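A.B. asks:
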Amino acid sequence: MFKRAIVGNVYRIPTRSFFGVSKPQSYEISKILHGSPKQVYDIVSQVDQYKTFVPFVEDSFISQRNKDELPTRAGLLVGWKDIVEKFECDLICVENKEVTAKSLQLDLFDNLETIWKFHEHGGNKCKVDFKLAFKFKSPIYDKLSSLFAPQVSEIMIGAFEKRLKQIKLNESMKKYQKPKL
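Dropping the structure here:
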């Protein structure tokens, strides 16, 4: 039935797993947003505000800042159906250019990393390059995530785009409001 391979004194019986070994996954998306790199950077680096506009984020916080008040550590409580995961990330913020987040400890993932890069695109526009890279501890979750992970990148960047539009709308409305007497 099974062919046995003899290696030294150890017998190896070939096996095949239905799900295989958990593999790193990576998804990238680029998009032109109607805002400056500074405006988009400000939204992405204010991790403590994610709970107000990013889908599936139930809580968000900044736990450390550097001497320039840029966040260096932040965390999220993310929930979807019966899965809830709280984690902290080290942040590297390069003002108006890039925000990188790398997970510190996770129960669900072996690693989780996001990289946001912001580029001037003329006419008060910003080209955003977003990369999501992760590796689940469970091969089952890997297989399931391959069904929806590409859409997660779209949902993420869409949430930030919507937030940018809301902030710009609020700024415009303040500009044209009559002062109260």
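Oh and the sequence shown: position 146 is 146 in full-length UniProt numbering, straight run, nothing missing. Ideal Cβ positions, reconstructed from N, Cα and C, are used throughout, including at glycine. Bear in mind that the values here come from a model prediction, so they are computed numbers and not experimental data.
How should F136 be labelled, buried or exposed, when 16 other C-beta atoms within 10 angstroms of its C-beta is the threshold for buried?
C.D. replies: Counting Cβ neighbours within 10 Å, F136 comes out buried, since at least 16 surround it.
A.B. asks: Just to confirm my understanding: we take residue 183, look at its own chain, exclude 5 residues before and 5 after, and list those with CB closer than 6 angstroms. What are they?
C.D. replies: Any answer about residue 183 is impossible in this case: the structure gives the chain only from 1 up to 181.
A.B. asks: Short of 6 angstroms in beta carbon distance, which residues of its chain neighbour V44, apart from the five on each side in sequence? Order them along the chain.
C.D. replies: The residues are V99 and W116.
A.B. asks: Do G75 and F87 have their C-beta atoms within less than 9 angstroms of each other?
C.D. replies: For G75 and F87, yes; Cβs fall inside 9 angstroms.
A.B. asks: Restricting to Cα atoms, I'd like to know which of S36, N170 and S30 is closest to C126.
C.D. replies: Checking every option, the nearest Cα to that of C126 belongs to S36.
A.B. asks: Nearest-angstrom Cα distance between A159 and V94?
C.D. replies: Each residue's alpha carbon lies about 21 angstroms from the other.
A.B. asks: For the alpha helix (DSSP H) holding Y27, just list the boundary residues, first then last.
C.D. replies: Per DSSP, Y27 belongs to no alpha helix (DSSP H); it is in the beta strand (DSSP E), Q25 to L33.
A.B. asks: Near L169, what residues of its chain come up, given a Cβ to Cβ distance below 6 angstroms and the 5 sequence neighbours on each side ignored?
C.D. replies: The answer is none, since no qualifying residue turns up.
A.B. asks: Keeping to the same chain, check which residues put their C-beta closer than 6 angstroms to that of Q64; ignore five residues upstream and five downstream.
C.D. replies: Around Q64: T72 and R73.
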